[in-house]
Amino acid sequence: MSRFETLVHAAPQQQFLPIDQQDIDAIIFELIGEKEQILEALDRCTDEKAVEHYVRTRQHQLVRLMDFVMETNDDISKHIFRSLGELLNFLEKDFSRYLDEDCQLPEAYLTIIREVMIDEIELVSYKIANLDEQLKGIVMKPYEVFLPDEVRDSMFTYHEVYYLQKLVHELYEMLTGTAIIEDVQLLLLQFDFNDPEYFSYFIDILRQNIDEAISIKDKKEKIFLFKKYFNQITVHPGMYLKKLHKPLKEQLESWLLAELSYLENYEGLLTGGYLPGELDIWKEFKVQTTLSVPQLGRLVGLLLTSGIILNKNKKELASFFSAFFTSPKSDIVTMDHVRNSFYDRSIGLANSIRDILAKLINLSRE
1157 MSRFETLVHA APQQQFLPID QQDIDAIIFE LIGEKEQILE ALDRCTDEKA
1207 VEHYVRTRQH QLVRLMDFVM ETNDDISKHI FRSLGELLNF LEKDFSRYLD
1257 EDCQLPEAYL TIIREVMIDE IELVSYKIAN LDEQLKGIVM KPYEVFLPDE
1307 VRDSMFTYHE VYYLQKLVHE LYEMLTGTAI IEDVQLLLLQ FDFNDPEYFS
1357 YFIDILRQNI DEAISIKDKK EKIFLFKKYF NQITVHPGMY LKKLHKPLKE
1407 QLESWLLAEL SYLENYEGLL TGGYLPGELD IWKEFKVQTT LSVPQLGRLV
1457 GLLLTSGIIL NKNKKELASF FSAFFTSPKS DIVTMDHVRN SFYDRSIGLA
1507 NSIRDILAKL INLSRE
């Protein structure tokens, strides 16, 4: 590659000199010779690591030379630039698995890719804004940096550009059809859109959903459902927005585990495992029945004896029914009255219970 180095650095001094076919032939000759040298060097490599090191070294070198010669706008520089591009394309095509995805993409490539992507970027921005303005600001932020700007001179790697291309194209395909906000959120998970702002955005959604549950049990159930949902999502291989950040799924799962741990610890501090105010909604609630207290108690006793009700603590059971059931004669039902009726075998009560059960049997046959 030393000959191309010489040609590139000599180009600025020759930019005002006329170029003839002999100069062009010399550049083509160097191009052919460089390809042969690359193949010979790769044949001498003894293992995969050596091949990878050689390809990546040449990749970085070619990108650097292309960006340098691009600044000189003359005929000989254009021919040199084209030859360097052919060499880079040769590596990208035949040795793609050895390329360094963190290598800076040539500026000339960026210019072309931006022109190709601009229409998709604009439509995706418009469509997402119609679904969720906040989400639009988060998703389009990397593209605002990517698009050309007179003030900004940003550099992008092979991986970053490939990721932005694939993501905006998938969003474009989705949003040109019928899509809802959940479809976009799922796609961003599949593409590991691990931007800190998107993580915070998603946490707000999870927290709002979990907070809608009244009891700790229901909150924990929601967390388990979210964990199951995330576990079943397949992230596209090699896809991530930010290399130095943890995968989005991993961050969300860690947050859910921390939330679950908090609820379990908090539950242990509460009497009976109830949240403050959780039972307030049942303070005025009563199941209104036509049953007398003895009938209510005897029916509960029969359910206990038959094994349908499995509670062992009869006192608690009687307390529950006395608290949440009413009798036509009184809104206040005492625990002792209910409990004493569990095993009341008086003839009058037995006959009334048979009538109730017969009525239920007849209704079940209708």
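Heads up: the sequence shown begins at 1157 in the numbering used here, then just goes up one per residue.
Backbone N, C-alpha and C define an ideal beta-carbon position, used for all residues, glycine too.
**Asked** From Asn1536 to Gln1215, what does the alpha carbon distance come to, in whole angstroms?
**Response** Given a span of 1157 to 1522 for the chain in the structure shown, any question on residue 1536 remains unanswerable.
**Asked** Quick one: is Phe1382 buried, meaning 16 or more other Cβ sit within 10 Å of its Cβ, or exposed?
**Response** Reading the sequence shown from its first residue, position 226 is the one you call residue 1382. Buried, because 16 or more other Cβ atoms sit within 10 Å of the Cβ of Phe1382.
**Item:** Contacts around Met1296, its chain only, beta-carbon distance under 6 Å, and the 5 residues preceding and following it disregarded
**Value:** Walking along the sequence shown from the start, residue 1296 turns up at place 140. Same-chain partners within the cutoff: Ser1281.
**Asked** Among residues of its own chain, excluding the 5 on either side of Met1330, which ones have a beta-carbon nearer than 8 Å to its beta-carbon?
**Response** Against the sequence shown, residue 1330 aligns to sequence position 174. Taken in chain order, the residues that qualify are Asp1339, Val1340 and Leu1343.
**Prompt:** Can you round the beta-carbon distance between Leu1255 and Leu1247 to whole angstroms, since I take them to be within the 8 Å contact cut?
**Reply:** Numbered from 1 along the sequence shown, position 99 holds the residue referred to as residue 1255. Numbered from 1 along the sequence shown, position 91 holds the residue referred to as residue 1247. Indeed they touch by this definition, with Cβ atoms about 7 Å apart.
**Request:** Return the bridge partner residues of Val1443 from the DSSP annotation.
**Result:** If you number the sequence shown from 1, residue 1443 lands on position 287. Phe1481, per the DSSP bridge assignment.
**Asked** Around the Cβ of Arg1521, are there at least 16 other Cβ atoms within 10 angstroms (buried) or fewer (exposed)?
**Response** As a working mapping, residue 1521 is identified with position 365 in the sequence shown. Arg1521 should be labelled exposed.
**Asked** Are Pro1298 and Leu1320 touching if we call contact CB-CB under 8 Å?
**Response** In the sequence shown, residue 1298 corresponds to position 142, counting from 1. In the sequence shown, residue 1320 corresponds to position 164, counting from 1. Contact: yes.
**Item:** Closest Cα partner of Pro1403 within the set Lys1375, Lys1485 and Gln1346
**Value:** The residue you call residue 1403 lines up with position 247 of the sequence shown. The shortest Cα separation from Pro1403 among Lys1375, Lys1485 and Gln1346 belongs to Gln1346.
**Message:** According to DSSP, simplified to helix, strand and coil, what is Asn1518?
**Reply:** Counting from one through the sequence shown, the residue named residue 1518 turns up at place 362. Helix at Asn1518.
**Request:** Can you have a look at Arg1510 and say buried or exposed, based on whether 16 or more other CB atoms are within 10 angstroms of its CB?
**Result:** The sequence position of residue 1510 within the sequence shown is 354, counting from 1. Arg1510 comes out exposed.
**Prompt:** Would you report the Cα separation of Asp1360 and Leu1327, rounded to the nearest angstrom?
**Reply:** Your numbering for residue 1360 matches position 204 in the sequence shown. Your numbering for residue 1327 matches position 171 in the sequence shown. Their backbone Cα atoms lie some 23 Å apart in a straight line.
**Message:** Is the beta carbon of Ile1389 closer than 8 Å to that of Lys1378?
**Reply:** Here residue 1378 refers to the residue found at position 222 when the sequence shown is read from its first residue. Here residue 1389 refers to the residue found at position 233 when the sequence shown is read from its first residue. In this structure, Ile1389 does not lie closer than 8 Å to Lys1378 by Cβ.
**Message:** With a threshold of 8 Å on Cβ separation, who are the neighbours of Phe1452 within its own chain once the five nearest residues in sequence on each side are excluded?
**Reply:** Taking the first residue of the sequence shown as 1, we reach residue 1452 at position 296. Looking at the sequence itself, residue 1452 is Leu, so the reference to Phe does not match. The residues are Thr1445, Phe1477, Phe1481, Ser1483, Val1489, Val1494 and Ser1497.
**Request:** Tell me whether the beta-carbon of Leu1261 lies closer than 8 Å to the beta-carbon of Val1317.
**Result:** Your numbering for residue 1261 matches position 105 in the sequence shown. Your numbering for residue 1317 matches position 161 in the sequence shown. Contact: yes.
**First through last residue of the alpha helix (DSSP H) which encompasses Gly1241** = By 1-based counting over the sequence shown, the position of residue 1241 is 85. Unbroken alpha helix (DSSP H) run through Gly1241: Asp1231 to Asp1250.
**Request:** Give the secondary structure of Gln1407 by DSSP, where H, G and I count as helix, E and B as strand, and everything else as coil.
**Result:** By 1-based counting over the sequence shown, the position of residue 1407 is 251. Helix.
**Length of the line joining the Cα atoms of Pro1393 and Ala1197** = Translated into positions along the sequence shown, residue 1393 becomes position 237. Translated into positions along the sequence shown, residue 1197 becomes position 41. If you take the alpha carbons of Pro1393 and Ala1197, they lie about 31 Å apart.
**Prompt:** Who are the Cβ neighbours of Pro1304 in its own chain at under 7 Å, not counting the five residues just before and after it?
**Reply:** The sequence position of residue 1304 within the sequence shown is 148, counting from 1. Only Arg1270 meet the Cβ criterion.
**Request:** Would you tell me roughly how many angstroms separate the C-alpha atoms of Asp1199 and Cys1259, rounded to the nearest one?
**Result:** Walking along the sequence shown from the start, residue 1199 turns up at place 43. Walking along the sequence shown from the start, residue 1259 turns up at place 103. The alpha-carbon atoms of Asp1199 and Cys1259 are separated by roughly 24 Å.
**Prompt:** Is Ile1284 closer than 8 Å to Glu1353 when the C-beta atoms are compared?
**Reply:** Locating residue 1353 in the sequence shown gives position 197, counting from the first residue. Locating residue 1284 in the sequence shown gives position 128, counting from the first residue. No; because the gap between Cβ atoms is not below 8 Å, this pair is not in contact.
**Asked** Which of the three DSSP states, helix, strand or coil, is assigned to Pro1213?
**Response** One-based indexing of the sequence shown puts residue 1213 at position 57. According to the sequence shown, residue 1213 is Thr rather than Pro. Reduced to three states, the DSSP call for Thr1213 is helix.
**Asked** In its own chain, which residues sit with a C-beta less than 6 Å from the C-beta of Leu1397, not counting the 5 before and 5 after it?
**Response** By 1-based counting over the sequence shown, the position of residue 1397 is 241. Excluding sequence neighbours, Leu1397 sits near Phe1349, Asn1350 and Asp1351.
**Request:** Express the C-alpha separation of Gly1463 and Ser1448 in angstroms, rounding to a whole number.
**Result:** Sequence index remark: in the sequence shown, residue 1448 carries index 292 (1-based). Sequence index remark: in the sequence shown, residue 1463 carries index 307 (1-based). Answer to the nearest angstrom: the Cα atoms are 23 Å apart.
**Prompt:** Helix, strand or coil for Gln1193 per DSSP?
**Reply:** On the sequence shown, position 37 is the one that residue 1193 refers to. Helix at Gln1193.
**Prompt:** What whole-angstrom Cβ distance do Leu1244 and Leu1218 have, given they're in contact under 8 Å?
**Reply:** As a first step, residue 1244 is located in the sequence shown; it is residue number 88 there, counting from the start. As a first step, residue 1218 is located in the sequence shown; it is residue number 62 there, counting from the start. That pair is a contact at about 4 Å.
**Request:** Give the DSSP bridge partners of Gln1260, in chain order.
**Result:** The count along the sequence shown starts at 1 and reaches residue 1260 at position 104. Per DSSP, Thr1313.
**Prompt:** Is Ala1491 near Ser1475, with beta carbons less than 8 Å apart?
**Reply:** Residue mapping note: residue 1491 aligns to position 335 of the sequence shown, counting from 1. Residue mapping note: residue 1475 aligns to position 319 of the sequence shown, counting from 1. Note on identity: in this sequence residue 1491 is Met, with Ala being the wrong assignment. Yes, these two residues count as a Cβ contact at 8 Å.
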